[in-house]
Amino acid sequence: MKTDTSAVNIDRSKGDFFYPEAHVRDAGIGLSERTIHYIADVKEDPDWVREYRLRGLKTFWEKPLPTHWASKDLEAIDFDKIRYYLSPGTEPKRSWEEVPDDIKRTFERLGIPEQERKFLAGVEAQFDSEAVYSNIKKAVGEQGVIFVGSREGLKNYPEIFRKWFGKVIPIADNKFSALNSAVFSGGSFIYVPPGVKVKHPLQAYFRINAENFGQFERTLIIADEGSEVTYMEGCTAPKFNTPTLHSAVVELVALKGAKIQYITVQNWASNVFNLVTKRGLAQENAEVKWIDCNIGSRLTMKYPSVIMKGRKARGEVLSIALANDGQHQDTGAKMIHAADETTSNIISKSISIGKGRATYRGLVHVPKHLKHCKNNTECDALLINATSRTDTYPAITVRGTGNAVQHEASVSQVSAEQIFYMQQRGLSEAQAMSLSVNGFVNDLVRQFPMEYSVELKRLIELEMEGSVG
Amino acid sequence: MKELAVENLHVAVGDQEIVRGLGLRVPRGQVHALMGPNGSGKSTLAKVLAGHPDYRVTAGKVWIDGENLLELDPDERARRGLFMAFQYPSEIPGVTIANFLRAALQSRLPEGEELEATDYYAKLYEKMELLGMDRSFTSRSVNEGFSGGEKKRTEILQLAVLEPSYAVLDETDSGLDIDALKTVAHGVNSLRGPDLGILLITHYQRLLNYIVPDYVHVMVGGRIVRSGRKELALELEERGYDWAREGALESAYTR
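If you're matching them up, the sequences are chains A and B in order. In this text, residue positions in the first sequence follow this note's numbering: the first is 625, and each later residue adds one. In this text, residue positions in the second sequence follow this note's numbering: the first is 4, and each later residue adds one.
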């Protein structure tokens, strides 16, 4: 059938535009100690943060690229040609009226202010290196919830910030967490007081507008005892001719009995290297849940993790990856059981289209002395074309007895007969593909908040529309 | 012309010619049964009409209401009013019957027009009632884990909801026990009417006891060797396909 030889055109029209740059603060091209000092000066970092950055830089230089297990494509990143800090040099605004016109138009085109009015408890919008807008609904703020950019968090809430910053993900965790530690800027700082349940999601939107740029946001979310919060992030960038780098670090801390749900819909342009470290710490009876959808980027390497440190803590990763021509989605999950009666669940679904490649890497670790821990891992791959590729690398180390682990994996293919059957009912080839793919992810998407499942289905449709010739 | 018309059709798979000069007209409002032994080319004809890409039409024409069917993609044929009930329907994991049919109906609307959800469900439930199907059926994934009988009933439900002008039922009776056969036949009979032409492809006369055709055609060796009224099916049942084959030879001599 046609589906085996199709050319793929990706429709990313929604995010593929940019406005001329108007940056006042610019750290220049390339990375050196001078870059670090420039960023620390502009951001008026306290000394311990400046020190931290310098240690990050040193570690970044010391660590090799992980190409012995990861994609050689990483070598295409030229760290000397990237711009590490760009900002308009103003504080984030509390109302959209105050946001400069071009930037405001950008977020309006992406529909952010409208979503804020409709269903969000707070929004932060980052443009290149810094947040340009940050606001929380009054009622939510009055409950003591803090939702600001990382710079404001550091400045105005130093005691909470410093206590947890870098504790879940140390500088030397990997080369890219070290890079982020050196040049981090932007991202969210959230603190939810004990017992407060934030009803609507808080959302951050990350936008890259500049060429040859690297975005390094740093997010820290602390849910105090018995509190609950949902955080959603979205991202887009125009497609420039040169590769763009996005390398974030996200740390979540769920204290006793708290629940954090972190949702990502990643739709970077197909020239973005998306190398992100995400990890949550769950104390006794706490829950950390990652919902991670990767649609865009050239290469994504991201394995959201949960360290279940307290008894009865729970960790969950629900992951959907869609790899089209020229894309490699190298995603997965890590579950580190570090207390008795901890439970983790990983469900991963990947779709490879054209020459796209999806890789699942999973790590489940249950040490010998623990009792009554449970893990369930399911990873399913769907191949659309004969040229599509999928790989699975599950690593499950469970020592001791009295722990239960369950692992299921499947690879399936959309068959020509299936597409013909749907076409015979009147669906075009693209609609038929799109419906098959939606069917494949449906049971997972049903668990997402409604707004996000709608957005995700729409993105999948857009991808499939371009994917048949 | 409100008919599905096949003229001198030749079809090959690879080097092998399977349909060899077949002619047939199915006007709206009539039921034509096409009978034949295994390997006679019946199912190939059905797939060619629907536009399956594995088959190559080497000669001949097919018209749907005067329009050249063979120039159209499979989905365009469907939207022009051609429906095929599959002998072996595909499974579509994760897609419910309700969502599938909704997407199929939506594909028939002009761009920008949205199917009205309440009207759609009203229609869906009405047709299910007509076919004696339970409503909970609609939330099951299309054909996934269905029994043979459930698959065939689902095909007929789709036929009922999509309301085509012409329906090709490819061995809809195969694999059904007598109760399931009766249910399916009842469904088809309830859809008969002046706006629908049906081509009923079957190996056995048995189905024709329940869906009584207006005309019967016997296909042997890639072409139609005998045509007649419904009594032909009974005669065929009595005398067998060898008799029909002799007919083919006779007609070849007398041509």
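By construction, the Cβ of each residue, glycine as well, lies at the ideal position given by its N, Cα and C atoms. Quantities reported herein were computed from a predicted structural model and do not represent experimental measurements.
Approximately 4 Å separates the beta-carbon atoms of residue 63/B and residue 11/B; this is inside 8 Å, confirming the contact. Sequence-ordered contacts of the segment 1034 to 1052 of chain A with chain B read 1036, 1039, 1040, 1041, 1042, 1043, 1044, 1045, 1046, 1047, 1048, 1049, 1050, 1051, 1052 [C-beta pairs closer than 9 Å]. Here residue 66/B is bridged, per DSSP, to 8/B, 71/B. Pairing residue 751/A with residue 831/A gives a Cβ-Cβ distance under 7 Å. For the pair residue 839/A and residue 1016/A, the Cα-to-Cα distance works out to about 29 Å.
Residue 72/B has its alpha-carbon roughly 9 Å from the corresponding atom of residue 79/B.
Residues of the segment 1000 to 1019 of chain A with a Cβ closer than 9 Å to any Cβ of chain B: none. Assignment of residue 685/A by DSSP, reduced to helix, strand and coil, places it in the helix class. At a cut-off of 7 Å, the C-beta of residue 200/B has no neighbouring C-beta in chain A. Burial check for residue 866/A: the Cβ neighbour count within 10 Å stays below 16, so the residue is exposed.
Taking a Cβ-Cβ threshold of 8 Å, none of the residues of chain A is close to residue 29/B; the smallest such distance is about 17 Å. A contact between stretches requires three or more CB pairs, one per stretch, nearer than 8 Å, and the segment 755 to 767 of chain A fails this requirement with the segment 851 to 867 of chain A.
Pairwise C-beta distances place the segment 940 to 948 of chain A in contact with the segment 974 to 982 of chain A, as three or more of them are shorter than 8 Å. Between the segment 958 to 966 of chain A and the segment 915 to 933 of chain A there are three or more C-beta pairs closer than 8 Å, enough to call the two in contact.
Residue-level contact by beta carbon fails for residue 18/B and chain A, as no gap is shorter than 7 Å. Unbroken alpha helix (DSSP H) runs of no fewer than 4 residues, entirely contained in the segment 156 to 244 of chain B, are found at 181 to 194, following chain order. Between residue 218/B and residue 85/B, the CB-CB gap reaches or exceeds 7 Å.
The three-state reading of DSSP puts residue 37/B in strand, counting E and B together. The Cβ-Cβ distance between residue 917/A and residue 877/A does not fall below 7 Å.
The continuous stretches of beta strand (DSSP E) do not include residue 933/A, and DSSP gives it neither H nor E. For the set 1073/A, 1054/A, 1064/A, the Cα lying nearest the Cα of residue 1087/A is the one of 1054/A. A distance below 7 Å separates the beta carbons of residue 996/A and residue 1026/A.
Taking the Cα positions, residue 54/B is about 23 Å away from residue 1061/A. Contact residues of the segment 186 to 218 of chain B toward chain A are absent (C-beta to C-beta distance below 8 Å). Between residue 42/B and residue 172/B, the alpha-carbon positions lie close to 17 Å from each other. Interface with chain B (7 Å Cβ-Cβ cutoff): residue 1059/A is included. Per DSSP, the unbroken beta strand (DSSP E) holding residue 952/A starts and ends at 952 to 961. Under a criterion of Cβ atoms nearer than 8 Å, no residue of chain A is adjacent to residue 105/B; the nearest Cβ is some 10 Å distant.
Proximity of residue 232/B to chain A, defined by a Cβ-Cβ separation below 7 Å, is not satisfied. For chain B, the residues of the segment 1064 to 1077 of chain A that bring a beta carbon within less than 8 Å of one of its beta carbons are 1064, 1065, 1066, 1067, in chain order. Under the Cβ criterion (8 Å, minimum of three pairs), the segment 812 to 824 of chain A does not count as touching the segment 694 to 704 of chain A. Listed by position along chain B, the residues whose Cβ is nearer than 7 Å to that of residue 1055/A are 106, 110. Around the Cβ of residue 61/B, a 10 Å sphere holds fewer than 16 other Cβ atoms; the residue is exposed. Residue 216/B counts as buried, since at least 16 other C-beta atoms from the protein chains shown sit within 10 angstroms of its C-beta. Within chain A, no C-beta atom comes less than 7 Å from the C-beta of residue 222/B; the nearest is roughly 22 Å away. The continuous stretches of beta strand (DSSP E) do not include residue 720/A, and DSSP gives it neither H nor E.
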